[in-house]
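Asks:
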Amino acid sequence: MIEMKGVSKTYRVRRRDAGLGNAVRSFFSPEYTRVEALQDMSFSIPDGQIVGYIGPNGAGKSTTIKILCGILRPDCGTCTVGGLTPWEDRKRHVARLGVVFGQRSQLWWDVPVVDSFSLLKDIYRVENDLYQKNLVRLTELLDLGDLMKTPPRMLSLGQKMRCEIAAALLHSPDVLFLDEPTIGLDAVSKLKVREFILEENRNRGLTVLLTTHDMLDVEALCYRVLLIGKGKLLLDGDTAMVRSMAGENLSTEESVAALYQRFGI
Amino acid sequence: MKKYFSFFRMRLIAGLQYRTAALAGLSTQLVWGCMEILLYRAFWRECPERFPMGQEALSSYIWLQQALLTVFALWYWEQDLITSVRDGTIAYELTRPVNLYGMWMARTMAMRLSRAALRCWPILLISVLIPSPYGLRIRIGLPAFLLFLISLGLMLAVVCGFVLAVYALSFHLVDTNGFRVLSVAAADLLGGGVVPLPFLPEPLRTIASVSPFGSMQNVPLRIFGGDLAGIDAIRAVELQAVWAVTLIGLGILLTRSGIRKAEIAGG
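If you read the sequences in order, they're chains A and B.
Okay, so the first sequence: first residue is 68 according to our numbering, each after it adds one.
Okay, so the second sequence: first residue is 33 according to our numbering, each after it adds one.
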């Protein structure tokens with residue numbers, strides 16, 4: 068169970084106009100503007116749901132994920148994941164959490180993937196049997212095979228991403244946060260990743276929160292969509308609802324674009 | 033504890049990937065050691081009575097320095113760690129159930145030790161075979177040898193403590209490059225990298241010995257050669273312990289406040 072209640076987060080950003088004069092002025096008296104990344108955000112996600120978290124760039128998606136991971140602490144509001152407040156109880160919280168940030172890597176780039184995996188095994192204190200079982204299953208489902216013996220620096224983006232996802236699931240987490248997991252993947256890899264996430268959800272009741280710009284991901288995976296913009300929750304429903312709100316005969320992609328326009332975000 | 037040891041194993045594995053680098057480093061250090069010894073030999077011939085160290089102690093100092101270079105060399109930074117703080121990959125590290133400082137410490141120690149573990153043996157072996165007074169001579173008694181081992185451990189703690197405090201500083205500064213360049217230069221001069229500390233004039237010598245840099249290679253290398261012995265050696269080891277605790281404490285504080293700051297200001 069993931070629950071957020073009245074969470075707000077404001078960043079202070081230093082801004083100035085272009086040019087040397089402004090740079091000098093800003094050096095002596097910097098001007099800060101407040102950017103409200105999240106405003107009074109509330110939602111709850113029951114166990115075993117796959118939820119798509121969508122919104123235009125800068126809407127506050129990553130901020131939400133970071134708060135849920137315990138990396139950021141919000142200015143106000145409460146948030147619990149499985150009964151724990153992420154930023155208060157970070158170590159215990161993250162032990163049962165899997166995270167994939169699509170733009171970053173958690174694998175050691177110059178040693179074979181499988182060595183990175185065994186390091187993660189020790190970090191999360193995974194039992195040998197469970198680790199072996201997970202490894203076999205992940206290898207098969209994500210088609211890792213020979214990739215495991217290769218250092219990530221010699222893998223393609225899609226191959227790397229499959230390894231990243233496997234790495235996030237080695238310790239059988241209850242909750243998985245995926246931040247743009249299919250960015251830059253080819254069609255085959257995308258399908259594989261999607262199929263895999265569904266499988267995990269069906270078999271183990273894995274709760275997934277997925278942020279993406281790929282509406283096909285959302286359509287293929289999510290029971291439920293949370294649409295946010297400018298730090299506010301605008302819509303909470305299933306993909307059918309997104310479409311019906313936007314009007315007839317539009318694809319999900321077009322519906323979402325129409326909704327962005329309608330909400331003025 | 034096991035997870036920290038795991039980092040160690042990981043780093044060793046990573047270090048073994050680079051055979052060419054190890055070979056190149058090894059030959060550089062051998063040639064460098066020979067050149068230094070030839071240089072000091074010229075000085076020695078000129079005026080032996082004004083030499084502040086015995087020739088044998090000096091040769092041992094140089095060879096041990098070459099063999100253990102990768103343990104204490106300050107100019108070897110883990111760029112990965114610094115960039116991870118800068119570009120936010122550090123977020124990943126924070127989603128792990130480990131203590132960030134502990135993990136960094138394990139990584140850094142492992143990196144330094146694993147590099148030395150691969151390279152020190154050939155240098156030690158060859159330098160022992162070089163005839164006196166130009167080779168590595170083992171004339172050290174058991175008590176002094178034990179003190180040498182303790183001092184070696186403390187050296188590692190001081191070096192890693194210093195390096196980690198600088199890594200932690202990158203939470204607070206946009207760029208730590210300037211600071212790093214400066215500290216590398218200072219460490220070379222004040223730590224006994226350019227010349228062993230006894231060769232420095234006063235008051236620079238005293239300043240160097242009490243600075244954190246003087247608690248790095250200076251102490252174990254001179255204990256081994258017998259140049260630093262008795263009560264002076266024990267004092268030096270005590271000072272090493274003080275610096276190790278201070279620097280590690282400072283690093284932990286900087287890391288903690290850094291994480292706190294990142295939690296509030298965003299990645």
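All C-beta atoms, glycine included, are put in the ideal place defined by N, C-alpha and C.
The structure presented is a predicted model; accordingly, all values stated were derived computationally and were not measured.
(1) Quick one: list the residues of chain B neighbouring TYR191/A, beta-carbon separation under 7 Å, in chain order.
(2) Determine the direct distance from the alpha carbon of THR147/A to that of THR217/A, and round the result to whole angstroms.
(3) Given a limit of 9 Å on CB to CB distance, which residues of the stretch 264-284 of chain A reach chain B?
(4) Who does MET108/A pair with in a DSSP beta bridge?
(5) What are the boundary residues of the alpha helix (DSSP H) that includes ARG204/A?
(6) Taking all protein chains shown into account, do 16 or more other C-beta atoms lie within 10 angstroms of the C-beta of THR34/B, making it buried, or fewer, making it exposed?
(7) How would you label GLN97/B, buried or exposed, when you count the other beta carbons within 10 angstroms and need 16 or more for buried?
(8) Is there a Cβ of chain A sitting closer than 9 Å to that of PHE39/B, yes or no?
(9) Is the shortest distance between the beta-carbon of GLN328/A and the beta-carbons of chain B less than 9 Å?
(10) Indicate whether at least one CB of chain A lies closer than 9 Å to the CB of GLY299/B.
(11) Quick one: using the 10 Å Cβ neighbour count with 16 as the cut-off for buried, is ILE255/B buried or exposed?
(12) From TYR166/B, CYS192/B, GLY57/B, pick the residue whose C-alpha is nearest to that of MET137/B; which is it?
(13) Determine which residues of the stretch 220-249 of chain B have a Cβ less than 7 Å from any Cβ of chain C, and write them out in chain order.
(14) Measuring only between beta-carbons, confirm whether LEU126/B sits less than 9 Å from chain A.
(15) For LYS297/A, name the three-state secondary structure that DSSP assigns.
(16) List the residues that DSSP assigns as beta-bridge partners of VAL275/A.
(17) State buried or exposed for LYS158/A, treating a residue as buried only when at least 16 other CB atoms are found within 10 Å of its CB.
(18) Less than 8 Å between the CB atoms is what I'm expecting for VAL181/A and MET215/A, so what's the real figure, rounded?
(19) Measure from the alpha carbon of ASP156/A to the alpha carbon of each residue in ALA123/B, PHE245/B, THR127/B, then state which is nearest.
(20) With a cut-off of 8 Å, do at least 3 Cβ pairs link the stretch 69-82 of chain B to the stretch 185-199 of chain B?
(21) What number of angstroms, rounded off, separates the C-alpha of LEU340/A from the C-alpha of TYR120/A?
(22) Excluding the 5 residues flanking LYS257/A on each side, which residues of the same chain have their C-beta closer than 7 Å to its C-beta?
(23) Measure the CB-CB distance between MET141/B and LEU188/B and report whether it falls below 9 Å.
(24) Skipping 5 residues on each side, what residues in its chain have a beta carbon closer than 6 Å to that of ILE112/A?
(25) Run the CB neighbour count on LEU178/B, radius 10 Å, all protein chains shown included, and call it buried at 16 or more, exposed below.
(26) Just to confirm, is the Cβ distance from GLY149/A to HIS160/A under 9 Å?
(27) Is the CB-CB distance between LEU164/A and PHE263/A below 9 Å?
(28) Assuming CYS136/A is part of the alpha helix (DSSP H), what are its boundary residues?
(29) Rounded to whole angstroms, what's the CA-CA distance from THR52/B to ALA148/B? Just pull it up for me.
(30) I'd like to know if ASP337/A contacts chain B, where contact means its C-beta is closer than 9 Å to some C-beta of that chain.
(31) Please report how far the alpha carbon of LYS76/A lies from the alpha carbon of ASP220/B, in whole angstroms.
(32) Using a cut-off of 7 Å between C-beta atoms, extract the partners of ALA162/A located in chain B.
(33) Between which residues of its own chain and VAL216/B is the CB-CB distance below 6 Å, once the five residues before and five after are set aside?
(34) For the alpha helix (DSSP H) that contains GLY223/B, what are its first and last residues?
(35) Between the Cα of PRO123/A and those of ASP281/A, VAL275/A, SER239/A, spot the shortest distance and give me the residue it belongs to.
Replies: Taking the coordinates as given:
(1) Position 124 of the first sequence, counted from the first residue, corresponds to residue 191/A. Here the neighbours are PRO129.
(2) The residue labelled residue 217/A in the question sits at position 150 within the first sequence. The residue labelled residue 147/A in the question sits at position 80 within the first sequence. Whole-angstrom Cα-Cα distance: 38 Å.
(3) none
(4) Sequence index remark: in the first sequence, residue 108/A carries index 41 (1-based). VAL74/A.
(5) The count along the first sequence starts at 1 and reaches residue 204/A at position 137. ARG204/A -> alpha helix (DSSP H) spans 195-208.
(6) As a working note, residue 34/B is residue 2 in the second sequence. A small fix is needed here, since residue 34/B is Lys in this sequence, not Thr. Exposed, by the Cβ-count rule.
(7) Mapped onto the second sequence, residue 97/B falls at position 65. Per the 10 Å Cβ criterion, buried.
(8) On the second sequence, position 7 is the one that residue 39/B refers to. By this cut-off, PHE39/B is an interface position.
(9) Walking along the first sequence from the start, residue 328/A turns up at place 261. No, no contact with chain B.
(10) Position 267 of the second sequence holds residue 299/B. Low confidence applies to GLY299/B: its pLDDT is 46, below 50, so where it sits in the model is not reliable, and the reading given next is rough at best. It does; some Cβ of chain A falls within 9 Å.
(11) Within the second sequence, numbered from 1, the residue matching residue 255/B stands at position 223. Flag for ILE255/B reads buried.
(12) Working through the second sequence from its first residue, we reach residue 137/B at position 105. Closest option to MET137/B, Cα to Cα, is CYS192/B.
(13) Of the protein chains in this structure, namely A and B, none is chain C.
(14) One-based indexing of the second sequence puts residue 126/B at position 94. With 9 Å as the cut-off, LEU126/B counts as an interface residue toward chain A.
(15) Within the first sequence, residue 297/A is the residue found at index 230, counting from 1. Three-state result, LYS297/A: coil.
(16) Here residue 275/A refers to the residue found at position 208 of the first sequence. Looking at the DSSP assignment, VAL275/A forms a beta bridge with ILE117/A, LEU243/A.
(17) Position 91 of the first sequence holds residue 158/A. Looking at its Cβ environment, which holds fewer than 16 other Cβ atoms inside 10 Å, LYS158/A is exposed.
(18) In the first sequence, counting from the first residue as 1, residue 181/A sits at position 114. In the first sequence, counting from the first residue as 1, residue 215/A sits at position 148. About 4 Å; that satisfies the 8 Å criterion.
(19) For this step, residue 156/A is matched to residue 89 along the first sequence. It is THR127/B whose Cα lies nearest to the Cα of ASP156/A.
(20) no
(21) The structure shown does not extend to residue 340/A, since chain A spans only 68 to 332, so no value can be given for it.
(22) The residue given as residue 257/A occupies position 190 in the first sequence. So the list reads THR249, once near-sequence residues are dropped.
(23) Counting from one through the second sequence, the residue named residue 141/B turns up at place 109. Counting from one through the second sequence, the residue named residue 188/B turns up at place 156. Cβ distance < 9 Å, so MET141/B and LEU188/B count as in contact.
(24) Locating residue 112/A in the first sequence gives position 45, where the first residue counts as 1. Contacts found: ILE69, VAL118.
(25) Looking up residue 178/B in the second sequence gives position 146. Classification of LEU178/B: exposed, given that the 10 Å Cβ count is below 16.
(26) As a working note, residue 149/A is residue 82 in the first sequence. As a working note, residue 160/A is residue 93 in the first sequence. Yes. Within cutoff.
(27) Translated into positions along the first sequence, residue 164/A becomes position 97. Translated into positions along the first sequence, residue 263/A becomes position 196. Contact: no.
(28) By one-based count along the first sequence, residue 136/A stands at place 69. 128-136 is the span of the alpha helix (DSSP H), which, as asked, contains CYS136/A.
(29) For the purposes of this step, residue 52/B is taken as the residue at position 20 of the second sequence. For the purposes of this step, residue 148/B is taken as the residue at position 116 of the second sequence. Those two C-alpha atoms are separated by around 15 Å.
(30) This structure cannot speak to residue 337/A, because chain A is shown only from 68 to 332.
(31) As a position in the first sequence, residue 76/A is number 9, starting the count at 1. As a position in the second sequence, residue 220/B is number 188, starting the count at 1. Those two C-alpha atoms are separated by around 46 Å.
(32) By 1-based counting over the first sequence, the position of residue 162/A is 95. Residues of chain B passing the Cβ test: PRO129.
(33) For this step, residue 216/B is matched to residue 184 along the second sequence. Counting only Cβ-Cβ distances below 6 Å, and skipping sequence neighbours, we find LEU106, TRP107.
(34) Here residue 223/B is taken as the residue at index 191 of the second sequence, counted from 1. Unbroken run through GLY223/B: none, as it is neither H nor E.
(35) Translated into the one-based positions of the first sequence, residue 123/A becomes position 56. That would be ASP281/A, whose Cα lies nearest to the Cα of PRO123/A.
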